[in-house]
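Visitor: Protein chains in written order, with this note's numbering: chain W, 1 to 291; chain E, 1001 to 1262; chain L, 2001 to 2452.
Just so you know, even glycine gets a beta-carbon here, dropped at the ideal spot from N, CA and C.
The model shown is predicted, which means the values in this text are computed figures rather than measured ones.
Mind having a look at this structure? Questions to follow.
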């Protein structure tokens, strides 16, 4: 029924509505993308008037670069871990804070503030926090736990700590979006479910979660792309170290392009990143439709 | 979302919330303590004494306002268009915009730099507002579109029967209902434009034009790195965002209880 | 209504595009020098040493040239390149700017093209024999294509340690001269809740200093030869140096978690707040021996303690060869004048004053931050008051003289960007145990071969 009634105005041309946004975004961003494509076929340091064309060799170099693959592995691990936990927590927080709890505003602030703090500022704070000279070590010492907090110094745990930092930083965003989505849910549906005797968790799973699907999909898409683009946290806290243990595509591109002036190579990695991101987005979309 | 009836469960929920929030608070506490390390609150005075705080704040406000305006207008219109209207090749357009989302900011620097140089746009606010807005839009359009899809078509039908034009439908029906997502979009855009660092650093040269995010520059020399004042500057920078967020939260509540659906 | 809507949307898009395009389409840039040798406005860009020191230099400058207004614009060291490139290209907002040797940040190789030739200016100031009056490295490293693109201000040296003498006295610890003594000192301090030696091993540049010092201790001069391709990185002495480097971590000299910290601000703050007794910093750290600078540094470290006695000591003889006291240095920064500046004459006056005048260089010497380029400028010990003159004056004087005698031993100037990255990776890997010293040396050799 719904579809029939809808068809009357879906014939209205929506083009003018999307065109300004489209032109604007495409203009600025696509120009940069094509510029990058061009760069990736060069061997150039950004200054020489002469630019050497090297065709696809930058790309073959990328694919045989162990650091590149390490970055990919880190990205995958990072995405899975942070996506699951961050959005789970964001969802739970949104659910709890939509209920009757005290000090709601305070809690909302505490979850939200991490999102607005510049990573550059917080990086030294975190380095200290996760070092033997920080308050975590003091707490462990007081509890006689015999654990040494040198987690950023060890290649294995460094990545883990960065993921914790990422979760800390982005739960707030997940929270805001789920909160907005939940506010769209029909109150009566919830009450009906409760009257039917469904417990809180049941309601959460079978009514609230499905209604937030759009948000979850958006977050998944942003999550994949964000994981690929990750730069601030690994660069500022560990600089991709120790010895590339926390290297990501973003940090590698920055280092190759700006620090080591291999602009062509950096551009090639960027293009690969772009391709991966598109694949990721398509994947999310497929999974969404398949439901 | 949770219907809590018993007192015991109320307490349990409160405790769970508290436990979940504590880990988020720890780094914040460390940060605040850091900002009053050494000479205490005089750090804040030292930040103020750089003399540029009011100017930087003003510039950040101008830039954020510009970005939010652009993003809001384009997101609402494009979101509506994608969700509710007929467009030839809609999916293609949508995907093209989404691809733009994949771009790390770092990549934009070289091409923008070359372009702005040719157009003599250095040291103008537009040089910062335009790229930032362009970077926000793919995601905010995605958000708006998803949200608008959730608005029942019957409402628009009803409006149409009343003889409303597309624009009126948009203005009087859709827009009020999008308050929750609009607030989210505004808050997220505010965060990203207020915290913008690379673009202002590159394209705004004179102290008259720079933004709050460039305050720490004063405290970072080659061999100096005055954490206490940098953190104090960070706290000052964060305050307007927190206030804006709290105001927007109120907007959520309003949009929610509007019950416009009935 | 519909038509109006389309029109409105289209108009917005067009307006945005137009403003973008018209934004600057105006008069073309003519570069006119509106300044004179004694008046004008100079915007001075740089990353070091930071306010308020730069303002003090400017104040001194204004005593001689009251009509030249100099404005100091600071960026952090990491952002300098990214920030100044557009400014220089834009031709506005930069008159004088700091440049360094080689291709590091602010590298003269990178930015020299945007600077004017200062040879005539310096000849006017010092005479035709100016090369004899200035530190040799500062002239050679600043010459690009036969043109003197920057006037060196001062050099920094590394290779030594700084210790907190007060803490050593308090716990009755012997100042270490070899490996065992160093281990012992660290042990005693740790027992008393203080880190013995601290380093921000997460920041590669300072690891390179430590490694260079070890290499010079094992076999003097080999590091520099290897960097120049005259000796292979796989040489035994280098492998030994890497083994010793690893030993620092395994034997408890490097503090736990060193790889997770940065030298600035983390390790610096630990030393300044007296939570660590030893740190490896170079000649730039000398300025912290001045009471005001030290107080500021202590406050930045969130500490409320009083200034303490810090003194420089030689890098301990951990290889047991007796080769100690090696120092290596680079020109820290120079002043270049932008070719597109509207205040070229005034900016040149400033650059010349800062880099070659007795007054300017004396200020530089007295700030103890860098070793001045002008050979005749040395710190005026009557004027310069340290925190603890009795214990510090002699030691620091010797230290500076030793540094200036270090001869041909560059710090980073001879190492290109790729080599830089590989070295940082190898040092981190060896320290963390993920690369063996032998393999590390092989990697260094490979990158050296690639870049030649």
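1) What residue range does the alpha helix (DSSP H) around residue 2394(L) cover?
2) So what does residue 53(W) bridge to, in DSSP terms?
3) List the endpoints of the continuous beta strand (DSSP E) containing residue 2074(L).
4) Can you tell which of 256(W), 98(W), 28(W), 132(W) has the C-alpha that lies nearest to the C-alpha of residue 44(W)?
5) By a C-beta neighbour count over all protein chains shown, 10 Å radius and 16 as the cutoff for buried, is residue 2146(L) buried or exposed?
6) Using only CA atoms, which one of 114(W), 221(W), 39(W), 273(W) lies nearest to residue 164(W)?
7) Buried or exposed, going by whether 16 or more other CB atoms sit within 10 Å of the CB of residue 2059(L)?
8) Among the residues of its own chain, which have a CB less than 7 Å from the CB of residue 2166(L), if the five just before and after it don't count?
9) Quick one, which of 2128(L), 2086(L), 2126(L) has its alpha-carbon nearest residue 1118(E)'s?
10) Taking the beta carbon of residue 1194(E) as the centre, do at least 16 other beta carbons fall within 10 Å, making it buried, or is it exposed?
11) Tell me where the beta strand (DSSP E) around residue 2333(L) begins and ends.
12) State yes or no: is the beta carbon of residue 1209(E) nearer than 8 Å to at least one beta carbon in chain W?
13) By the DSSP assignment, the beta strand (DSSP E) with residue 2154(L) in it spans what residues?
14) For chain W, check one thing: does any of its Cβ atoms lie closer than 8 Å to the Cβ of residue 2438(L)?
15) Just the C-alpha distance for residue 2154(L) and residue 2222(L), rounded to the nearest angstrom, thanks.
16) Which value, in whole angstroms, describes the spacing of the CA atoms of residue 1160(E) and residue 23(W)?
17) Whose C-beta lies closer than 8 Å to the C-beta of residue 2286(L) among residues of the same chain, with five residues either side of it excluded?
18) Does any residue of chain L have a CB that is nearer than 8 Å to the CB of residue 142(W)?
19) Grab me the residues of residue 1245(E)'s own chain with a C-beta within less than 6 Å of its C-beta, minus the 5 sequence neighbours each way, in chain order.
20) Taking residue 138(W) as part of the beta strand (DSSP E), name the residues at either end of that continuous run.
21) Using 8 Å as the threshold, is the C-beta distance between residue 331(W) and residue 233(W) below it?
22) Let me know if residue 1172(E) comes out buried or exposed under the rule of 16 or more other beta-carbons within 10 Å of its beta-carbon.
23) I'd like the list of long-range same chain contacts for residue 2040(L), defined as Cβ closer than 6 Å, with 5 residues on each side in sequence excluded.
24) In chain order, what residues of the segment 241-260 of chain W put their CB closer than 7 Å to some CB of chain E?
25) Measure the alpha-carbon distance for residue 2245(L) versus residue 272(W) and round it to whole angstroms.
26) To be precise: take each residue of the segment 2266-2277 of chain L, compare its Cβ to all Cβ atoms of chain W, and keep it if any distance is under 8 Å. Which residues remain?
27) So who's on the other strand from residue 2107(L), going by DSSP bridges?
28) Return the chain-ordered list of same chain residues with a C-beta closer than 8 Å to the C-beta of residue 2485(L), the five sequence neighbours on each side being excluded.
29) So, is residue 103(W) buried or exposed, given that buried needs 16 or more other C-beta atoms within 10 angstroms?
30) Can at least three beta-carbon pairs, one atom from the segment 176-196 of chain W and one from the segment 275-288 of chain W, be found at a separation below 8 Å?
31) Quick one: what does DSSP say residue 13(W) is sitting in, helix, strand or coil?
32) In whole angstroms, what is the alpha-carbon distance linking residue 2021(L) and residue 138(W)?
33) Please list, in chain order, all residues of the same chain as residue 2227(L) whose beta carbon is under 6 Å from its beta carbon, the five residues on each side excluded.
34) Which residues in chain E sit within 8 Å of residue 214(W), going by Cβ to Cβ distance?
35) Roughly how many angstroms lie between the CA atoms of residue 12(W) and residue 1085(E), to the nearest whole one?
36) What separation, rounded to the nearest whole angstrom, lies between the Cα atoms of residue 1234(E) and residue 56(W)?
Guide: Taking the coordinates as given:
1) What you label residue 2394(L) is simply residue 394 of the third chain in a count that begins at 1. Residue 2394(L) -> alpha helix (DSSP H) spans 2389-2404.
2) On the first chain, position 53 is the one that residue 53(W) refers to. Paired residue(s): 42(W).
3) Looking up residue 2074(L) in the third chain gives position 74. Where residue 2074(L) is concerned, the enclosing beta strand (DSSP E) stretches over 2068-2074.
4) As a first step, residue 44(W) must be located in the first chain, where it is residue number 44. Residue 256(W) is the option with its Cα nearest to residue 44(W).
5) Translated into positions along the third chain, residue 2146(L) becomes position 146. With fewer than 16 other Cβ atoms within 10 Å, it is exposed.
6) The count along the first chain starts at 1 and reaches residue 164(W) at position 164. Taking only the C-alpha atoms, the option nearest residue 164(W) is 114(W).
7) Residue numbering aside, residue 2059(L) sits at position 59 when the third chain is read from its first letter. That one is exposed.
8) Sequence index remark: in the third chain, residue 2166(L) carries index 166 (1-based). Excluding positions up to five away in sequence, the list reads 2308, 2309.
9) As a position in the second chain, residue 1118(E) is number 118, starting the count at 1. Considering only alpha carbons, the answer is 2086(L).
10) The residue you call residue 1194(E) lines up with position 194 of the second chain. Classification for residue 1194(E): buried.
11) The residue given as residue 2333(L) occupies position 333 in the third chain. Note, residue 2333(L): beta strand (DSSP E), 2328-2337.
12) Counting from one through the second chain, the residue named residue 1209(E) turns up at place 209. It does not: the Cβ of residue 1209(E) has no partner Cβ on chain W nearer than 8 Å.
13) Position 154 of the third chain, counting from 1, holds the residue named residue 2154(L). Where residue 2154(L) is concerned, the enclosing beta strand (DSSP E) stretches over 2151-2158.
14) By 1-based counting over the third chain, the position of residue 2438(L) is 438. No, because no Cβ of chain W sits closer than 8 Å to the Cβ of residue 2438(L).
15) In the third chain, counting from the first residue as 1, residue 2154(L) sits at position 154. In the third chain, counting from the first residue as 1, residue 2222(L) sits at position 222. Each residue's alpha carbon lies about 25 Å from the other.
16) To locate residue 1160(E), count along the second chain from 1; it is residue 160. To locate residue 23(W), count along the first chain from 1; it is residue 23. Cα to Cα, the separation comes out at about 29 Å.
17) By 1-based counting over the third chain, the position of residue 2286(L) is 286. Once the five neighbours on either side are set aside, the close Cβ partners of residue 2286(L) are 2312, 2368, 2369, 2396, 2399, 2400.
18) Counted from its first residue, the first chain places residue 142(W) at position 142. It does not: the Cβ of residue 142(W) has no partner Cβ on chain L nearer than 8 Å.
19) Mapped onto the second chain, residue 1245(E) falls at position 245. Counting only Cβ-Cβ distances below 6 Å, and skipping sequence neighbours, we find 1187.
20) As a first step, residue 138(W) is located in the first chain; it is residue number 138 there, counting from the start. Segment 135-142 is the alpha helix (DSSP H) holding residue 138(W); no beta strand (DSSP E) there.
21) Given that chain W is displayed from residue 1 to residue 291, the structure contains no residue 331(W) and the question cannot be resolved.
22) Taking the first residue of the second chain as position 1, residue 1172(E) is located at position 172. Exposed, because fewer than 16 other Cβ atoms sit within 10 Å of the Cβ of residue 1172(E).
23) As a working note, residue 2040(L) is residue 40 in the third chain. Correct list, in chain order: 2068, 2343, 2346.
24) 250, 253, 254
25) Here residue 2245(L) refers to the residue found at position 245 when the third chain is read from its first residue. Here residue 272(W) refers to the residue found at position 272 when the first chain is read from its first residue. If I take the Cα positions, the gap works out to 37 Å.
26) 2266, 2270, 2275
27) By one-based count along the third chain, residue 2107(L) stands at place 107. For residue 2107(L), DSSP records a beta bridge to 2100(L).
28) Residue 2485(L) is absent from the structure shown; chain L starts at 2001 and stops at 2452.
29) For the purposes of this step, residue 103(W) is taken as residue 103 along the first chain, with counting starting at 1. Looking at its Cβ environment, which holds fewer than 16 other Cβ atoms inside 10 Å, residue 103(W) is exposed.
30) no
31) Within the first chain, the letter at position 13 stands for residue 13(W). DSSP places residue 13(W) in the strand class (E or B) of the three-state scheme.
32) Sequence index remark: in the third chain, residue 2021(L) carries index 21 (1-based). Sequence index remark: in the first chain, residue 138(W) carries index 138 (1-based). Model confidence at residue 2021(L) stands at a pLDDT of 38, short of 50, so the residue's coordinates are unreliable and nothing is read from them.
33) The residue labelled residue 2227(L) in the question sits at position 227 within the third chain. Closer than 6 Å at Cβ, skipping near neighbours: 2414, 2415.
34) To locate residue 214(W), count along the first chain from 1; it is residue 214. For residue 214(W), the chain E residues whose C-beta falls within less than 8 Å of its own C-beta are 1146, 1147, 1149, 1150, listed in chain order.
35) Here residue 12(W) refers to the residue found at position 12 of the first chain. Here residue 1085(E) refers to the residue found at position 85 of the second chain. When rounded, the distance between both Cα atoms is 6 Å.
36) Here residue 1234(E) is taken as the residue at index 234 of the second chain, counted from 1. Here residue 56(W) is taken as the residue at index 56 of the first chain, counted from 1. Cα-Cα distance, rounded: 44 Å.
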